[in-house]
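Asker: Let me begin by handing over the structure; questions about it come next.
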Amino acid sequence: MASSRGEFSSRFGFVMAAAGSAVGLGNIWGFPTQAASNGGAAFLLVYLVLAFTLAYPALMAELIIGRHAHANAVNALRMVSSAPISRNIGATVGIIGFIVASLILSFYAIVAGWMIAFCLSSLAQLFGMQDFAQWLVSFGMPRNILFMCAFMVMTVAIISAGVRDGIERWSARLMPLLLVTLVLLVLYVFTLDGAMEGLKVYLLPDFDRALSPKLIIAAMGSAFFSLSLGVGTMLIYGSYISDEENLPVVGGLVTLVDISIAVLAGFLVLPAMYVALHNGVEIYTATGALISEDTLIFTVLPELFKTMGLAGIVVSFTFFFLMAIAALTSSISMLEVPVAYVIEEHGLGRKLAVCTIGAAIAVTSATILLNFETLFGLVIAFTTRYSQPLLGFMFCIYAGWVWHRDKVLQEVRKGSPEVEHSLFWKIWPGYVRFVCPVIILAIFAQSLWG
Ligand code: PHE
2 MASSRGEFSS RFGFVMAAAG SAVGLGNIWG FPTQAASNGG AAFLLVYLVL AFTLAYPALM
62 AELIIGRHAH ANAVNALRMV SSAPISRNIG ATVGIIGFIV ASLILSFYAI VAGWMIAFCL
122 SSLAQLFGMQ DFAQWLVSFG MPRNILFMCA FMVMTVAIIS AGVRDGIERW SARLMPLLLV
182 TLVLLVLYVF TLDGAMEGLK VYLLPDFDRA LSPKLIIAAM GSAFFSLSLG VGTMLIYGSY
242 ISDEENLPVV GGLVTLVDIS IAVLAGFLVL PAMYVALHNG VEIYTATGAL ISEDTLIFTV
302 LPELFKTMGL AGIVVSFTFF FLMAIAALTS SISMLEVPVA YVIEEHGLGR KLAVCTIGAA
362 IAVTSATILL NFETLFGLVI AFTTRYSQPL LGFMFCIYAG WVWHRDKVLQ EVRKGSPEVE
422 HSLFWKIWPG YVRFVCPVII LAIFAQSLWG
């Protein structure tokens with residue numbers, strides 16, 4: 002079965018693809034601002050602990066189930082169950098997962114479209130096309146639809162080329178580019194006045210806040226969104242890994258890259274905000290909190306770039322280019338979830354499946370844009386706040402309770418017999434059985450009633 006499907010050609014290819022999925026707007030945009038408003042280094046510390054002790058085990062659950070089944074989530078969850086009821090529930094979880102992945106892509110494509118528009122706006126400025134540059138950064142329906150569609154076309158083009166020629170090739174090109182761009186930006190921002198103050202906010206821990214339930218829950222949500230958990234993305238990437246690969250090691254590498262990029266992005270965004278403050282740009286809200294989310298990216302940073310003259314145009318271009326790449330390597334992983342399902346379950350050719358689903362998602366994005374006030378926030382909350390934790394919970398239940406423990410361990414041992422002597426072997430099965438489900442339910446309960 003595995004031979005007729007795609008497979009990553011190397012460990013590097015897989016790690017780049019999975020890290021590409023994980024590293025996205027969540028890391029470069031979400032993580033640094035959350036750290037800023039939740040106690041700086043204290044948040045960083047809690048995030049690091051949770052990412053390794055909770056998100057990593059949950060990621061392993063998806064990778065192991067995926068590699069075992071060499072199939073999409075619907076089939077994979079069916080395959081690891083023996084009773085008809087758990088087979089049906091498993092298939093339902095897989096189907097909900099691909100719907101949620103498609104919905105995440107439908108809002109992600111809108112935001113990624115803005116990133117491309119802002120990136121091009123810097124170029125337009127460079128060539129003296131001021132009116133066009135202004136149109137590109139103004140919120141308007143033609144611009145929004147045009148760039149959302151442009152982003153979807155790129156995503157569709159990569160995914161239609163398949164696992165090796167599409168996902169792996171492009172992730173292996175774009176991820177190193179992303180890293181270099183990020184490092185260059187960090188180094189440049191460090192040379193500007195005000196940067197050190199931002200660095201202090203980022204690195205000096207406020208431990209009183211580190212232990213607050215609100216912070217722990219925010220850090221956990223960030224870690225799950227950031228590692229692309231719950232919607233079957235990591236499961237489908239796991240299904241393309243060769244049986245010879247050592248899963249705990251590659252899963253660990255992906256987690257490490259994801260966390261490192263989030264931490265590195267903190268070294269860019271926080272200092273940049275204080276450089277902006279130094280240059281006279283407002284960075285606090287009326288309540289005294291740091292400005293975050295869309296206002297930070299689309300108002301504060303562009304204001305900062307404006308105060309920097311020609312250098313600002315180059316930095317602005319580089320920054321939004323970085324954001325667009327991060328979004329693209331994540332969006333391809335979202336699109337692969339429904340595409341793999343339709344190819345494997347309904348026998349459609351890849352190109353037809355990709356174009357049909359891509360078009361359906363673009364229509365959904367356009368619908369969100371046309372009803373922006375009502376739908377945009379709603380879709381984000383529904384997918385990331387509610388669906389991801391609940392689906393992540395179900396994956397842990399399948400890896401910890403439904404699938405036979407001996408079979409799970411047999412899958413882990415495949416390709417790496419020495420794993421039996423590792424800490425992972427001793428701790429993970431219990432973790433994914435008890436700790437992960439309980440904590441995920443706690444986040445869910447908190448987000449509902451907190
Ligand atoms: N991990 C991505 C980010 O940090 C988002 C994502 C969620 C990607 C779910 C795939 C699936 O932006």
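All residue numbers for the sequence shown refer to the numbering used here, where the first residue is 2 and numbers rise by one.
Ideal Cβ placement from N, Cα and C applies to all residues, glycine included.
Since I believe G95 is in contact with S82 (beta carbons under 8 Å), could you give me their beta-carbon distance rounded to a whole number of angstroms?
Answerer: Rounded, the Cβ-Cβ distance is 11 Å, inconsistent with contact.
Asker: From the DSSP output, which residues share a beta bridge with Y285?
Answerer: DSSP lists L291 as partners of Y285.
Asker: Note down, one range per segment and in chain order, each alpha helix (DSSP H) of at least 4 residues found wholly within the region 410-437.
Answerer: As far as the region 410-437 is concerned, its whole alpha helix (DSSP H) runs of at least 4 residues are 424-431.
Asker: Between the region 336-343 and the region 159-179, do three or more beta carbon pairs fall short of 8 Å?
Answerer: These segments touch.
Asker: Taking 8 Å as the cut-off, does the CB of M335 come closer than this to any heavy atom belonging to ligand 1?
Answerer: Yes, the Cβ of M335 comes within 8 Å of a heavy atom of ligand 1.
Asker: Hey, would you say M176 sits closer than 9 Å to V270, going by beta carbons?
Answerer: It is not a contact, given that the beta carbons lie outside the stated cut-off.
Asker: DSSP three-state label for M153, please.
Answerer: Looking at M153 - three-state DSSP - the assignment turns out to be helix.
Asker: Which complete beta strand (DSSP E) runs does the region 12-60 hold, if anything under 3 residues is left out?
Answerer: None, since the region 12-60 contains no complete beta strand (DSSP E) of that length.
Asker: Please classify R68: does DSSP put it in a helix, a strand, or coil?
Answerer: Helix.
Asker: Nearer than 8 Å: is that true of the beta carbon of L104 relative to any heavy atom of ligand 1?
Answerer: Because no heavy atom of ligand 1 lies under 8 Å away, the Cβ of L104 does not count as near it: no.
Asker: May I have a chain-ordered list of the alpha helix (DSSP H) segments no shorter than 4 residues that lie completely inside the region 99-170?
Answerer: For the region 99-170, whole alpha helix (DSSP H) runs of length 4 or above, ordered along the chain, are 131-138, 142-161.
Asker: Hey, would you say A277 sits closer than 9 Å to E304, going by beta carbons?
Answerer: Yes, the Cβ-Cβ distance between A277 and E304 is below 9 Å.
Asker: Thinking C-beta only, is H347 closer than 9 Å to S240?
Answerer: The answer is no: Cβ separation not under 9 Å.
Asker: Just how far apart, CA to CA, sit C150 and F320?
Answerer: So the two alpha carbons sit approximately 21 Å from each other.
Asker: Using the Cα positions of F119 and A113, report the straight-line distance between them to the nearest angstrom.
Answerer: If you take the alpha carbons of F119 and A113, they lie about 10 Å apart.
Asker: Quick one: what's got a C-beta closer than 8 Å to P430's C-beta in the same chain, skipping five residues either side?
Answerer: For P430, where only same-chain residues beyond five positions count, the Cβ hits under 8 Å are G401, R406, V409, L410.
Asker: Fully enclosed by the region 221-281, which alpha helix (DSSP H) runs are 4 residues long or longer?
Answerer: Listed in chain order, the complete alpha helix (DSSP H) runs (minimum 4 residues) inside the region 221-281 are 234-240, 248-279.
Asker: Is the region 353-369 touching the region 100-108, taking contact as three or more C-beta pairs under 8 Å?
Answerer: These segments touch.
Asker: Please report the straight-line C-alpha distance between T156 and D209, rounded to a whole angstrom.
Answerer: Rounded to whole angstroms, T156 to D209 spans 43 Å at the Cα level.
Asker: Look at the alpha carbon of A354 and the alpha carbon of I284, and state the distance between them as a whole number of angstroms.
Answerer: Taking the straight line from one Cα to the other gives about 45 Å.
Asker: Apply the 10 Å Cβ neighbour rule to I86 and answer buried if 16 or more other Cβ atoms are within range, or exposed otherwise.
Answerer: Per the 10 Å Cβ criterion, exposed.
Asker: Tell me whether the beta-carbon of M335 lies closer than 9 Å to the beta-carbon of E63.
Answerer: It is not a contact, given that the beta carbons lie outside the stated cut-off.
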